[in-house]
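Residue numbers (the working numbering): 415 to 850. Backbone N, C-alpha and C define an ideal beta-carbon position, used for all residues, glycine too. Before any comments, here is the structure.
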């Protein structure tokens, strides 16, 4: 019989640690709410897997090559049976390599031990389980952040009520899903899946952002329950509704609370309608795909080096005087991408991962997939329920779909991988899921 277990451990770093998410350097000056690693273990009597969700921005695949085998050894499974996803909060410590340097090495080392603890505790908590699922819809939580402007240009985050906006380039995936694990003589577990960028609060105080409120709301509303949140394909979305004014209600802690509550309530509303999922077999797989780097043209190199050098020495404002906001970020990010890729080989291996338990599958993407990647993988899956996760078993950048490269804008300018990568990810993910 299927058994499942749950654990949640505190992974909050000390104050003063570098905070990830922006091109401007930030240091943690407070803790709005603790950061957690949540783990759910599954065991069918023959195979064991652990699915983890961390309140962090993401890890490079090279670090996953260290963490996953050690966690696997600790709980008695294969490295491919360790599925580590990050919510991609922008108020956690830097955990991915920045400009080739591994930041916060002491925290990174300590974190590996905490993840082993979380997996071990989840296995110790296992009890016989019945699985159910339901779905929902969370409207006006996620918004496409790329826009065609009236002059024909493409802009990311053009600002609230910008009169020059013509239309959004795409539609958000507003579908939510819930996997319910009803356990004998143990609190039941709810795994909630939605997709939107967790960069709502801002500032320098550590926070899990809106995923905290998904978990809190679920555990308050469903008696004797524990909750894990998985963030899906969110690369081209955020919380900004450009139709409205940019007042206090549009961003910040209260907005994060609103979003988390709305996501949780969208599935709680259908909780009593949950249907049982068949099967209990545990399976997992990983397919490594080789993609091409999106290297700069020779005529871009000199200027990119100049901008990158000034940015490193003096910061983003000095690097691009006369520009502001998102346009400044685009210029620096593109220059950084060109300089970073100069010394690298032409190709990169990406890890596409999946776990299945009975008739539910978890699809992992090593970075920030555009909405359409998650939408297509879910549509292609043979499983009754498929949950997607960004920054899963690696974080290697944005994955714009072909149309985004054709349109241009921030994501296409800064993408580390050439056009066609997103489509290769969709194909590989579909393949391994449907072979599980």
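Check	Outcome
Residues that residue 457 bridges to, as DSSP identifies them	417 and 462
Expected contact under 8 Å - CB spacing of residue 464 and residue 420 to nearest Å	About 11 Å; that fails the 8 Å criterion.
Length at least 4, wholly inside the region 468-497: the alpha helix (DSSP H) runs in chain order	475-489
Span separating the alpha-carbon of residue 417 from that of residue 457	5 Å
Contact under 8 Å by Cβ, residue 545 with residue 499	no
Nonlocal neighbours in the same chain, by C-beta distance under 6 Å from residue 792, ignoring five residues either side	800
Proximity below 8 Å, CB of residue 680 to CB of residue 552	yes
Local Cβ density within 10 Å of residue 441, reported as buried at 16 or more and exposed below that	exposed
Contacts around residue 586, its chain only, beta-carbon distance under 7 Å, and the 5 residues preceding and following it disregarded	556, 557, 558, 651 and 785
Counted within 10 angstroms of its Cβ, other Cβ atoms place residue 513 as buried (16 or more) or exposed	For residue 513, the predicted model reports a pLDDT of 45, less than 50, meaning its position is unreliable; a value from the coordinates is still stated below. By the neighbour-count rule (16 or more Cβ atoms within 10 Å), residue 513 is not buried but exposed.
Proximity below 8 Å, CB of residue 730 to CB of residue 742	yes
Pick from 602, 807 and 577 that is closest to residue 565, judged by C-alpha positions	577
Which of helix, strand or coil DSSP assigns to residue 713	helix
Residue range of the unbroken alpha helix (DSSP H) whose run includes residue 810	Counting along the chain, residue 810 falls outside any alpha helix (DSSP H), and DSSP gives it neither H nor E.
Nearest residue (CA-CA) to residue 664, options 723, 520, 478 and 614	614
Beta-carbon spacing of residue 706, residue 761 below 8 Å	yes
Reduced DSSP secondary structure (H/G/I, E/B, other) of residue 550	strand
Residue 482 versus 460, 502, 531 and 501, residue with shortest Cα-Cα distance	531
Coarse secondary structure for residue 654, derived from DSSP in three states	coil
Cα-Cα separation, residue 459 to residue 772	13 Å
Counterpart residues of residue 799 in DSSP-defined beta bridges	774
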